[in-house]
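Q:
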Amino acid sequence: MRNNMPRFSTIVFGAIVLLAILAPLVAPFGPAQQLDIVALKNRAPSVTHLLGTDAYSRDLLSRALFGARTSLFVAFAATTIATVVGTLWGGLAATAANRLGDGMMLIVDVLRSVPRMLLFLVAVALAGALSPVWLAALLGISAWPAISRMAFVLVRDVQSRSFVEAAHAAGSAPGRVFLRHIAPHLTGPLTAAGTLLLADILALESGLSFLGLGIKPPGASWGNMVQDALPYLGSAWWTAAVPCACLLVTVFSASALADQLQKMTRRDETPVPGL
Amino acid sequence: MNYLLRRLLHVLAVVAISTSLGFVVLHLVPGDPLGLATEQAGRSAAARAQLQAQYGLDKPLVQQYAAFAKRAVTGNWGVSMVSGRPVGEALREGLVNTLKLSGTGLLLAVLLGVSIGAWQGWRPQSVIGRMLGTVLTGLYVIPEFVVAITLITIFSYHLSVFPIGGAMDPVLSVVGSKSQQTRDQLWHLVLPAVTLGIGWGAAIARQQRTAVLDTRQEDFVRTARAKGVSANNVFFRHAFPVALPPVVTVIGLMLPVLVGGAVVVETVFAWPGLGSLLLKAIGARDYPLVSGAIVLTGFVVASGSVLTDVVLFALNPRLRAHAQ
Amino acid sequence: MCCRSTGVRAPPTLERVTRHKSRRCIVRGLCSLPAIQTIMFPLQRCGLALLVILQACGDAAPNSSANTSATVLTIATPADADALVPQLVQSTQGKQAADLLFDHLARPTNTLETVGDAGFKPELAQRWQWAPDSLSIAFALNPSAQWHDGHPVRAKDVQFSFALYIDPAVASPHASNFAGIDSVTVRDSLTVVVWWNQRSPEQFFQIAFNLAIVPEHLLANVPRTTLAQSEYAQKPVGSGRYRFEQWTREQQLIVTADTGNYRGRPNFARVVWVVTSDPIAASLSVLSGQADVLESVRGDAFVKARQSPSLRTVEYGSLDYAYMLFNFDRTLNGTRRFFGDHAVRTALTAALDRKAMVRNALDSLGAVALGPFARSVTGVDTAMKQIGYDVAMAAHVFDSLGWTVDAKDKLRKKNGKALRFELLVPASSATRQKFGVLIQAQLASLGITVDVTPLEPGLFAARLEKGEFDAALNMWRSDPSPMVSLRQVWASPRGREMGANYARYANAQFDAVLDSASTAFNAQQRRRLYQRAYQLIVDDAAAVWLYEPRNFAAINARVSPVGMRADAWWAELPDWSVTSARVATTKP
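Chains as they are written, first to last, in the numbering used here: chain V, 4 to 278; chain Y, 569 to 892; chain D, 839 to 1426.
1) Suppose you measure from the CA of residue 821 of chain Y to the CA of residue 116 of chain V; what does that come to, to the nearest Å?
2) Are the beta-carbon atoms belonging to residue 32 of chain V and residue 65 of chain V less than 8 angstroms from one another?
3) Would you mind giving the Cβ-Cβ distance between residue 662 of chain Y and residue 842 of chain Y, rounded to the nearest angstrom? I have them listed as a contact below 8 angstroms.
4) Would you mind telling me which residues of chain Y sit closer than 8 angstroms to residue 66 of chain V, beta carbon to beta carbon, in chain order?
5) Do you know whose CA, among D:1189, D:1190 and D:1163, lies nearest residue 1177 of chain D's CA?
6) Compute the beta-carbon to beta-carbon distance between residue 67 of chain V and residue 246 of chain V, rounded to the nearest angstrom, for a pair I have assumed lies under 8 angstroms.
7) Does the CB of residue 1408 of chain D have a neighbour CB from chain Y at under 8 angstroms?
8) Counting only C-beta atoms, is residue 611 of chain Y closer than 8 angstroms to chain D at any point?
9) For residue 859 of chain Y, which of helix, strand or coil comes out of DSSP?
10) Counting only beta-carbon atoms, is residue 653 of chain Y nearer than 8 angstroms to chain D?
11) Looking at the unbroken alpha helix (DSSP H) that takes in residue 240 of chain V, where does it start and where does it end?
12) Please identify, using Cβ separations under 9 angstroms, the residues of the segment 741 to 757 of chain Y that lie next to chain V, in order along the chain.
13) Does the segment 144 to 161 of chain V touch the segment 181 to 196 of chain V, meaning 3 or more C-beta pairs lie closer than 8 angstroms?
14) Report the neighbours of residue 1089 of chain D on chain Y: residues whose CB is nearer than 7 angstroms to its CB, in chain order.
15) Hey, which unbroken runs of the alpha helix (DSSP H) at 4 residues or more fall wholly within the segment 1048 to 1072 of chain D?
16) Quick check on residue 1416 of chain D: does DSSP put it in helix, strand or coil?
17) Going by alpha carbons, who is nearest to residue 250 of chain V out of V:72, V:193 and V:144?
18) Can you find the residues in the same chain that come closer than 7 angstroms, C-beta to C-beta, to residue 672 of chain Y, ignoring five residues on each side of it along the sequence?
19) Please classify residue 56 of chain V as buried or exposed, where buried requires at least 16 neighbouring CB atoms within 10 angstroms.
20) Using only the alpha-carbon positions, how far apart do residue 857 of chain Y and residue 1294 of chain D sit?
21) Would you say residue 608 of chain Y reaches chain V, if we count a Cβ-Cβ gap shorter than 8 angstroms as a contact?
22) Against chain D, does residue 35 of chain V count as a neighbour if the rule is that its beta carbon must be under 8 angstroms from one of theirs?
23) Count the C-beta pairs between the segment 908 to 922 of chain D and the segment 1108 to 1125 of chain D that are closer than 8 angstroms, then say yes if the count reaches three, no if not.
24) Report the CB separation of residue 655 of chain Y from residue 860 of chain Y in whole angstroms; it is logged as a contact under 8 angstroms.
25) Is there a Cβ from chain D that is less than 8 angstroms from the Cβ of residue 732 of chain Y?
26) Going straight from the alpha carbon of residue 748 of chain Y to that of residue 825 of chain Y, what length do you get?
27) Tell whether a beta-carbon distance below 8 angstroms holds between residue 1038 of chain D and residue 1357 of chain D.
28) Can you find a CB in chain D that lies within less than 8 angstroms of the CB of residue 238 of chain V?
29) Let's test the definition: count the other Cβ atoms within 10 Å of the Cβ of residue 1095 of chain D and tell me whether it reaches 16, buried, or not, exposed.
30) Can you grab the Cα-Cα spacing for the pair residue 1249 of chain D / residue 1232 of chain D, in whole Å?
31) Pick out whichever of D:1264, D:1191, D:1171 and D:1253 has its Cα sitting closest to the Cα of residue 1230 of chain D.
32) Would you mind telling me which residues of chain D sit closer than 8 angstroms to residue 852 of chain Y, beta carbon to beta carbon, in chain order?
33) Quick one: does residue 44 of chain V have its CB under 8 angstroms from some CB of chain D?
34) State yes or no: is the beta carbon of residue 706 of chain Y nearer than 8 angstroms to at least one beta carbon in chain V?
35) Got a sec? Which residues, its chain only, sit under 7 angstroms from residue 81 of chain V by beta carbon, not counting five neighbours each side?
36) When you compare the segment 954 to 963 of chain D with the segment 1000 to 1019 of chain D, are there three or more beta-carbon pairs, one atom per stretch, that lie closer than 8 angstroms?
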């Protein structure tokens, strides 16, 4: 029981990502294809439509797959942007001189104070609709301060360790020191944090799409699938259940995976005698 | 001193950024935000002239910014283009409602989060503890609208225990007694506050768990145990107080969310707070209201972070020594 | 599950720690919370699916605690009123309140006859007298009519109200309704005379239906340009059977009964409009009894309301029709006046399966619109000639115009440019948003890209007025008079008066027929002329006629509604009766 959850969640998450990548090949219909708006409206799951159809007679399985594709693309892109920018900024701040480093982190602190939702609302007010690329960029920009704070602390911590001092004393170039001695200690915690950030951004993107600020129809995103399904909660509950279940499973497996990664990289919780 | 200076700079920077963002929204948005508004404001030349004078639209940009900043600080944020109400009044109502909701949600979150997180951090190997860990991580990232819709469906629709939405019953607000009104408002507060409390509580719980786990490894804990102090005493008198400040820091980091982040919950529960006000204002291109909301959020977040610093100071003797 | 105490000292190993619970665990919640979490976890895990199944099976029990003695009618509305002063009101919600707060000279009966004065009964005017040449009517006001602040209603109030409507400083959107009225004069303190430039069949309707009376003594000194921001506008005073009580913006609007009113005291002591913009919350609130009236239920909400024993679904007539309008003046896709080409418009109409769309979006609660009219009111020939659903013909027309399908991306292109346009949709109308998505898909299968843009209603209206749109889905709520609707929406703009002709449509033949109809006093001749006008517009494919909704209101069973007119279901609200006292909705 104890070791099954992380393995299980890894498999589930991997499967979802794979399905998302293969969506155009695997999906039986197009995501915006309205098959028969009179006869196939809100049909329950059947052999031809494994997850049923929605109010516009679009196949839910296909929409869920393409929704996964869009949502995961946005989430991965945003996470990558956030992680790369954040690590660079935090790492640079940590290796830089004291004053400069503190100044850089002050900027980070200030940026963290900006409410994310406000940023998105303002962006939508200015731009109208956001394409997936811009959405990913915006989400990434809103998330990098947190990563950079983490990278800063990690690098500062490793820097003070003796083997780094030794490397400096031996005359290695700073870049080499960073790559060979410091960087390996970053990958673990940053991967864990990145995975958790991925789950968080996924949830945020679906929330934005739910409010109508994210992916615009007829583009599929789990968030706007839920929004489409709201008027039919009573009569066609599966139209809401499918995207919600997808969200829950994906977010859950990603966060369980992140948890496991984090556990692997921190100090062990070995039993302490006497407690 | 260095520490205090940093915090002061931080606060000033937040205020400056939010004021600038508010200015950008009002004056630099493509499509002349006030031009559209004058269409709605009376369609007459006189009204348009009044707006020109009020916002100083013909002066150079720097002067406009200075005027805007002065107005922002004194609280004169103009008039809503859609409803004609003073922006400050509408924002104040929205802020009060949001703080009521977020404050209650945060209270729930702290109670739940600190207790569960500490419990789990102290006993990480238990079966329930491990399950709890995964559950907490899941709850931490579950989208708010899923939780909100679930709660509304069970408690408002099926069990009819709580009202569907809104902040108060309209009839009672006119004819009810003070105590009835208070009870009614609390009743409307429960579901949205619980929705917020679940997500935030999970975040706090995770942080608390990590903090307690870390503290558990410390030498002083082992020493206390070796001395014969009971496990509970060790926890409550030695470990827990040390593990508290990181949680306060996390709460401080959540301040921006308190003010601007509850948009989804406010929308689903039709709670008349700042978030839903802002969302509607943006949809209606009511730029004076949007700009005012941005500046106000900056102020509130800045003051909140000052508050957090004060609390941290009080809790952590080392910081106090540092500052001296 | 609560604290158990073993009373034994802590065992040495960690695994056994979990079974030790201190009797003094300070927060008992520490013990019980994991249990709750363990229960919540599988619930959340199984997800929404389980819970909405329960919902589908269940039926909400109404709230029951009786707490207050006043009788209150609660109306759940999707939006807040925009204004309450009649000269400024545009939204339906505002109109509902304004109709209860203010009086007109005469009020329409259910027959909705707009020619002559047979279809009207006295309101503020006790009786009226036509001049022999019909160029003026003298109205004798009811002497016991009073403003809510106690002042009596006098003829100068009527004169003042008319002046306010047509004053350009006020810029009332209803000013054009009074075209043709020369002046309003005061004969004595209780007699007011309205003068016209020429006779017309609907002149009585024009003055009685459109003119709401506001108090001169309260508004005389208010600056006209900032009327909307004035004190009066926030707390209006009228002479209607309800008086203003409270208005919390975006939340609720409350009016209370004017007990000493000259037309009698209304049955409900209070009427409250609660703003519930979320349609699900609105339908849930009326199903659970928190609200009494929800106008316009559709889809799932309609089915649930039908099944609920505490609700009645009441159908009231509809004068609405929805259509996709084109901006004739727009330069699109490299062509000036892209929609000015009759072939393009006909092809677009033929490309849409209107019957299937109506079936999908409205089930049986609507019909395909046939033209710029609502069938119910004008007794029109429903077998008139229409442009049928013919995708092949549409494709052929576009091909012949040079828009051919690119083999690679399946889009229609001419000289490398893809054929696309933007369709504006108001975010407040769920039905029109659905139509937007349906139209988008149907035209996409033909290779035409449609960008659907939902907008807030205020913004939507502003962009229509300014002509900043390619196409839009608009719904027209007709007046009882077909002439007024046709003239406002489809007659050529005269001078700077565009009226509601957002499409900038101009058809001289149509204008001529309308002019003839406006002076036709013979009922049969009038009908024939209207029919000819409709056919002209439909043949010209001036717009794509989409649907006419059937309107159902969900009303609590204890409320007996009366006089729900097609143009205003709230018209006789003061006379609605109740069978039991209103119960407040707090749970103990």
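C-beta atoms are modelled at their ideal positions from N, C-alpha and C, and glycine is treated no differently.
A: Answer, in terms of the structure:
1) 7 angstroms
2) Yes. Within cutoff.
3) 4 angstroms
4) Result: empty, since nearest Cβ-Cβ is about 18 angstroms, beyond 8 angstroms.
5) For the set D:1189, D:1190 and D:1163, the Cα lying nearest the Cα of residue 1177 of chain D is the one of D:1163.
6) 7 angstroms
7) With 8 angstroms as the cut-off, residue 1408 of chain D does not count as an interface residue toward chain Y.
8) Low confidence applies to residue 611 of chain Y: its pLDDT is 49, below 50, so where it sits in the model is not reliable, and the reading given next is rough at best. Judged by the 8 angstroms Cβ criterion, residue 611 of chain Y is in contact with chain D.
9) helix
10) Interface residue, yes.
11) Element bounds for residue 240 of chain V: n/a, residue is neither H nor E.
12) Contacts with chain V (Cβ-Cβ distance below 9 angstroms) from the segment 741 to 757 of chain Y involve no residue at all.
13) yes
14) 840
15) Restricting attention to alpha helix (DSSP H) runs no shorter than 4 residues, the segment 1048 to 1072 of chain D encloses them at 1054 to 1057 and 1069 to 1072, ordered along the chain.
16) strand
17) V:72
18) 757 and 761
19) buried
20) 15 angstroms
21) Residue confidence is low: residue 608 of chain Y scores 45 on pLDDT, short of 50, so the model does not pin down where it sits. Its coordinate-derived value is still stated next. Closer than 8 angstroms: no.
22) yes
23) yes
24) The Cβ separation is near 4 angstroms, so the contact holds.
25) yes
26) 31 angstroms
27) yes
28) yes
29) buried
30) 15 angstroms
31) D:1191
32) 1294, 1296 and 1297
33) yes
34) yes
35) 139, 142, 143, 146 and 204
36) no
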